[in-house]
Amino acid sequence: MTIRPLLGAVVLLITASSVWPAAGAARVVTKSSRHLAFTASLSPDIVRPGTTLSLAVDVRPKTGIHVYAPGTQYRPVAIAIEPNPALSIDEVVYPRPMSYLFKPLNESVLVYERPFRLTLSMTVGGTPAQVAALTAESRMTIKGQLTYQACDEKVCYLPVSMPLDWSLTVAR
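When we follow my numbering, the leftmost residue of the sequence shown carries the number 28, and every step to the right adds one.
As structure tokens, then:
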């Protein structure tokens with residue numbers, strides 16, 4: 028009896044099941060509230076000076092709920108990343124919103140009521156001293172939050188802030 032074919036099958040199974048994430052894979056945060064659910068993925072997970080990080084936040088409003096888009100007088104959905112001297116943070120890219128008539132106030136507002144994606148790019152870098160401080164560390168923490176104000180057809184709820192947090196490996 029030989030064990031080689033069985034061993035090959037086990038290695039193939041482990042590889043196919045993605046038990047171990049590949050280097051540079053995305054770090055994923057999944058959360059939900061009474062108004063929506065979202066998945067935020069940040070990649071790559073190994074950084075060095077000059078690395079561009081991509082953050083994608085897939086938001087799924089619950090049935091009958093909408094969140095405000097930029098361009099309204101209310102609090103729009105937003106990603107806020109805490110200041111970090113080792114990061115240069117670009118502007119959030121928003122999808123096209125839809126116009127919604129909020130009947131209780133007879134007011135037309137810009138909203139998202141279907142699943143949508145927000146994206147944000149960040150570049151690791153900074154001054155030579157900041158780069159030296161970054162490369163002296165083995166980990167880099169990026170913190171932020173997803174904020175929004177949600178409504179249904181009758182009620183607008185208080186604004187919500189949900190924390191985001193990633194710990195990335197700094198390549199030597």
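Don't be surprised by glycine CBs; every beta carbon is placed ideally from N, CA and C. As the structure is a prediction and not an experimental result, all values here were calculated from the model.
CB of residue i within 8 Å of CB of residue j, strictly
| i | j | result |
| --- | --- | --- |
| Leu80 | Ile106 | no |
| Leu132 | Pro124 | no |
| Ser126 | Arg166 | no |
| Thr174 | Pro186 | yes |
| Ala198 | Val74 | yes |
According to DSSP, residues forming a beta bridge with residue i
| i | result |
| --- | --- |
| Gly171 | Ile108 and Leu191 |
| Arg134 | A quick correction: the sequence has Glu, not Arg, at residue 134. In DSSP, Glu134 forms a bridge with Phe129. |
| Asp72 | The partner list for Asp72 (beta bridge, DSSP) is empty, contrary to what the question assumes. |
| Val94 | Tyr139 and Ala177 |
Residue i, buried or exposed, once every other Cβ within 10 Å from all chains shown has been counted against 16
| i | result |
| --- | --- |
| Leu69 | buried |
| Pro71 | buried |
| Gly98 | exposed |
| Leu191 | buried |
| Val120 | exposed |
| Val182 | exposed |
| Ala159 | exposed |
| Pro112 | exposed |
| Ala177 | buried |
Reduced DSSP category for residue i - H, G, I as helix; E, B as strand; rest coil
| i | result |
| --- | --- |
| Leu161 | helix |
| Pro88 | strand |
| Ala156 | helix |
| Gly60 | Note that residue 60 is Ser in the sequence shown here, rather than Gly. Residue state, collapsed to three classes: coil. |
| Ala67 | strand |
| Ala113 | coil |
| Thr146 | strand |
| Val182 | coil |
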